[in-house]
Structure formats: C-alpha cells, structure tokens
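Inspection log for the structure reproduced underneath, given as structure tokens.
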Amino acid sequence: MTGPDHDDAVVDDPDHALRAVDGTVAGLLGLGYPEDDPEAPMRMELAPTVLDDHGDVSLGALGVLVDLASTRALRPRPHGRAPHAEISVHRLQVPQGRYVHAITRDVRAGTRTGVLEIDVVDDNGRLVAYSSQEIAFIGVIPGGPPPAPRRMWWPARPVALDRPLYDLLGLRRDGEGTWQMELAPTHMNTAGALHGGASIALVDVAARSAVEDTGATSGPCRTAGAQVRYLVPGRVGPFLARTRVLGAVGNGFGVRVEVVDPGRDGRAVMLATATVVPAA
4 MTGPDHDDAV VDDPDHALRA VDGTVAGLLG LGYPEDDPEA PMRMELAPTV LDDHGDVSLG
64 ALGVLVDLAS TRALRPRPHG RAPHAEISVH RLQVPQGRYV HAITRDVRAG TRTGVLEIDV
124 VDDNGRLVAY SSQEIAFIGV IPGGPPPAPR RMWWPARPVA LDRPLYDLLG LRRDGEGTWQ
184 MELAPTHMNT AGALHGGASI ALVDVAARSA VEDTGATSGP CRTAGAQVRY LVPGRVGPFL
244 ARTRVLGAVG NGFGVRVEVV DPGRDGRAVM LATATVVPAA
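Residue numbers for the sequence shown follow the numbering used here, so the first one is 4 and each next one is one higher.
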C-alpha cells in the first residue's frame, strides 16, 4: 500500500509537510501549491527531468503527483490512516505551458474505503492525464468522525532533480521480462515503505520493455496508462517487476506486471495491468 500517512498536525503546518517530503521523490519533484493561491490545485513544474523522450510527463512522475495530490481528498481523522488500495493513471496528451495541475474530486466515502478522481490539466486547461483511486480507511475508531476533506497546504518548489527521474530511481533490467528497483530513502513514502507513485515508474519501464522485446512493434513504445493494485507495503526490496504480455488491445498491448519483494520471501506487493502503444 501507499499514500502519505500524515497526522493532523500537517494540516496547519506547511513546514511539517515540507520536512515529511524533503529528500523523497515527491520533494525532489517540487510538488506543492502556489503561494499566491492556497486553494489552487497541487502543481508540478514541467522540467526536462520529468519528461520522457516525446515531451510527455513520464508515467512515474504522474504517479507521484496524483498519489500526493490525494492528500486533499477524504481522510479519516483524528486517529486513522488512509493508504492507497489502488491507483490508475492514464496519459491523454502532451502538456503545454510551465506546469501541470492536479484537480482532485471525491467520488464516494464509505466506512472502510473511499474513491476519488484527479484531472491533470496543463496551463491552458487541457486535460492531459486522468487518475482514479481507491483509498482504504484503517484504524478508524467506531463511532468516531467520518472521513472528511483535509485542508492540506505547502508551497510548490522548482524541480530539484539533477538527472532524469528514472535514472534517480535506479531502474535496471534484471533478466528477460524482469526489472528491478532498490528501496532507497528517495523512493519511500512517509510510512517508510515504497512510494506507490514512484513504483508506477517500475511498472512503466517493465511493461514497455516487455512489448518491445516481443518484436511486435517496429520501434519504441510508450505506456499510455496503468492500473495498480497495492497488496502489502513494500518495506525491504529490491523489488522485482515480472511481466506477461496479455495480447493486443486496439493499436497497443495489454501487459500484466507483478511486483514482488524478495526481501520478504518474495511476496507480491503490487499487481498492475498496463496499456502499451507504439511511441510514434
């Protein structure tokens, strides 16, 4: 599971929030809110280090953005936690302008889970990506207050990556159909486990390479979107992504990606399906 397990102190203390993400991939991406408009959506700068070879925001960077943007969604308080059970993210078109902005909407709040969706728009208001998410409410005291929107705010900062995001994450091939990623401090969420948004980068490269390895396309591929189910927190690593190409879907391919944690007896920590299409 993933998600920022902030306590209520974060709501009114921007410095607390910044300390929580400093040194993590979310902090290095400069994610936050405009200082001149605290009610505005979370934004991310379109720096070259967060873009892919085609000028689109990398799926991993989008994953981190929509993961953290959910902190303004429904949260149990004051005693509960709210890790993600599932995140889907889909790229729709190449953004224009300087920033992308994550507009969050709550869809449903039950007693055990909540559902939200996020539109990612560029500076021109164009919808460039979409995410739906399921959040699990854990440790809510019976009879306590129901989940409610939380007032989260901290200032956005410039992207601080000195190299492309995927290079920072240390993604590397570990045999045919398998990719690996270590659990480094930059890859963790505030609960000390693998950050769910960052793990989408692992799903991305594993799915793309699986399709390219089949020779079914004449050139490079891109992952148009992925749906990721979080099974247990990834706490040890290194994490291995194992793939299976399921078959053709329209002009692309469906790929199953299972991420396991050999440091915890090889248990599965994530199960994803991705749609991979020709890059051209």
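Built from N, CA and C at the ideal position, the CB exists for glycine as well.
When you compare the region 100–113 with the region 209–229, are there three or more beta-carbon pairs, one atom per stretch, that lie closer than 8 Å?
Output reads no: the region 209–229 does not touch the region 100–113.
Of the residues 273, 87, 201 and 32, which one's Cα is nearest the Cα of residue 140?
Closest by alpha carbon: 87.
Below 8 Å on the Cβ atoms is my contact criterion, and I expect residue 65 with residue 92 to pass it. Report the Cβ-Cβ distance as a whole number of Å.
Correct: roughly 5 Å between the Cβ atoms.
On the CB-based measure, 16 or more other CB atoms within 10 Å of its CB, does residue 175 come out buried or exposed?
Exposed is the call here.
Can you tell me which of 116, 56 and 98 puts its alpha carbon nearest to the alpha carbon of residue 131?
The option with the nearest alpha carbon to residue 131 is 98.
Quick check: the Cα distance between residue 183 and residue 52, rounded to an integer number of angstroms?
In a straight line, the C-alpha of residue 183 is about 21 Å away from that of residue 52.
With DSSP as the reference, label residue 221 as helix, strand or coil.
Residue 221 falls in the coil class under three-state DSSP.
Alpha carbon to alpha carbon, how far is residue 37 from residue 102?
The alpha-carbon atoms of residue 37 and residue 102 are separated by roughly 11 Å.
Exposed or buried, residue 81, counting other C-beta atoms within 10 Å across all chains shown (16 or more means buried)?
Caution applies to residue 81, whose pLDDT of 45 falls short of 50 and renders its modelled position unreliable; the value that the coordinates give is listed next. It counts as exposed.
So for residue 38, helix, strand or coil by DSSP?
The answer is coil: DSSP assigns residue 38 none of H, G, I, E or B.
What did DSSP end up calling residue 80 once you bin it into helix, strand or coil?
Residue placement at residue 80 is flagged as unreliable, the pLDDT there being 47, under the threshold of 50; the coordinate-derived value follows with that caveat. Coil.
Do you know whose CA, among 205, 89 and 186, lies nearest residue 197's CA?
If we check each option's Cα against that of residue 197, 186 comes out closest.
In whole angstroms, give me the CA-to-CA distance for residue 84 and residue 134.
Cα to Cα, residue 84 sits roughly 21 Å from residue 134.
Could you check which residue in 56, 123, 100 and 118 has the C-alpha nearest to that of residue 44?
For the residues 56, 123, 100 and 118, the minimum Cα distance to residue 44 belongs to 123.
Just the Cα atoms here: how many angstroms apart are residue 216 and residue 170?
Using only the alpha carbons, I get a separation of about 21 Å.
Can you tell me which of the three DSSP states residue 178 falls into?
In the structure shown, residue 178 sits in coil (DSSP, three-state: anything other than H, G, I, E or B).
Mapping DSSP to helix, strand and coil, what is residue 97?
Note: residue 97 maps to coil in three-state DSSP.
Does residue 92 come out as helix, strand or coil in the three-state DSSP assignment?
Residue 92 falls in the strand class under three-state DSSP.
Which residue wins for smallest C-alpha separation from residue 118, given the options 129, 137, 126 and 283?
For the residues 129, 137, 126 and 283, the minimum Cα distance to residue 118 belongs to 137.
Looking at residue 210: is its Cβ nearer than 9 Å to the Cβ of residue 181?
In this structure, residue 181 does not lie closer than 9 Å to residue 210 by Cβ.
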